[in-house]
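Here the structure comes first, spelled out in structure tokens, and everything after it is commentary.
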Amino acid sequence: MKYKKYIPLPRLRPFVECLFFWEVPKQAQQTVIDSPPAGYSAIVFNLEGGYQIARYGHDSHDIRSSFVVGQATSNYQLLVEESIHQIGIVFKPTGLFKLFNIPGFEISNGRFSLDDLSAASLQLLEKQIAELKSPDQQIEHIQQVLLQQLSRKNLVPDQLDLAVNQIVGKRGNIKISEVLPGTFMSRRKFERRFLYEVGLSPKYYARLRRYGYACSLIAGKREADWDTVLFPGGYYDQSHFIKDFKEFSGLSPQRYLLKNQELSHKIES
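Our numbering puts the sequence shown at residues 7 to 275.
Encoded structure:
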């Protein structure tokens, strides 16, 4: 199983978190991969194969085509048996809306095929990258298309983009009242635009981002010194830490540590 993350070109970074390549050979038996919510949306080009996805508290369903995925508010599992070849774009919270006019509130907790979205430009991009031979060439082409989109829309980060990216940079460990003055908006307008573009309320998003970062601190581990997770993760109260884990994953932090099968357990070194 191979996974490679690419840092976006500088002009794309206000709107794009990263790009990635993921390749999985056919599995002898079903492989389970856990994924906590990270606070990002994405476009995933599924160039080969498929898998099942099961979100905590919901039934599983098949993924076969390329798709757009919105903000997730709970852990989910990928159930993999056959070979997979994926190329993906992971967006900053407002990036998908700014670059492709897809409102976050319409796609939260969902995966929508490019056919469902009638996304002709993305369908064309899918065909173009399928004809390229290597992941590096595919990623390079995607970035050039994104740069063209950036120029076509004359995009520069606005006050909301900067505020949202500040929450991302602080890993959710910041009060909305600290972010608000720099937006030059009323709280009501800020919350309304945030919900529309990102898909979640600012306060809920910050909480989700904090939880996702805590998960990243224990990914790939089976033992942890919880003090090195709680405080760097922005948790100053163990009860809130436990509450978030149970709400978003259905498990206590200790049980999640022992049972999780995040991608970091699977990829080749």
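The beta-carbon is built from N, C-alpha and C at its ideal position, and this holds for glycine as well.
Since the structure is predicted, the reported quantities are computational estimates derived from the model, not experimental observations.
Assigned exposure category for residue i - 16 Cβ within 10 Å defines buried
i: T3; result: Nothing about residue 3 can be read from this structure; the chain reaches only from 7 to 275.
i: Q92; result: buried
i: A48; result: buried
i: D164; result: exposed
i: I90; result: buried
i: R117; result: buried
i: K181; result: exposed
i: I13; result: exposed
i: D167; result: buried
i: L264; result: exposed
i: N107; result: exposed
Identity of the residues DSSP links to residue i by a beta bridge
i: A60; result: S66 and Q83
i: C24; result: V96
i: F73; result: V50 and S119
i: V30; result: I90
i: I39; result: L84
Best match in the options for proximity to residue i [C-alpha to C-alpha]
i: K10; options: K265, A125 and I145; result: I145
i: E88; options: S119, E29 and V174; result: E29
i: A220; options: P238, L131, R228 and S207; result: P238
i: F111; options: A125, T79 and V86; result: T79
i: R70; options: I59, G76 and Q143; result: I59
i: L105; options: F21, L123, F247 and L131; result: F21
i: Y211; options: S119, C24, A169 and D231; result: A169
Assigned secondary structure, residue i (DSSP; H/G/I helix, E/B strand, else coil)
i: G205; result: coil
i: S275; result: Caution applies to S275, whose pLDDT of 42 falls short of 50 and renders its modelled position unreliable; the value that the coordinates give is listed next. Residue state, collapsed to three classes: coil.
i: F51; result: strand
i: I248; result: helix
i: I182; result: helix
i: I224; result: helix
i: D231; result: coil
i: K8; result: strand
i: F254; result: helix
key: Start-end ranges of the beta strand (DSSP E) lying completely within the segment 99-167, minimum 3 residues   = Given a length threshold of 3 residues, each whole run of the beta strand (DSSP E) inside the segment 99-167 is given here in chain order: 117-119.
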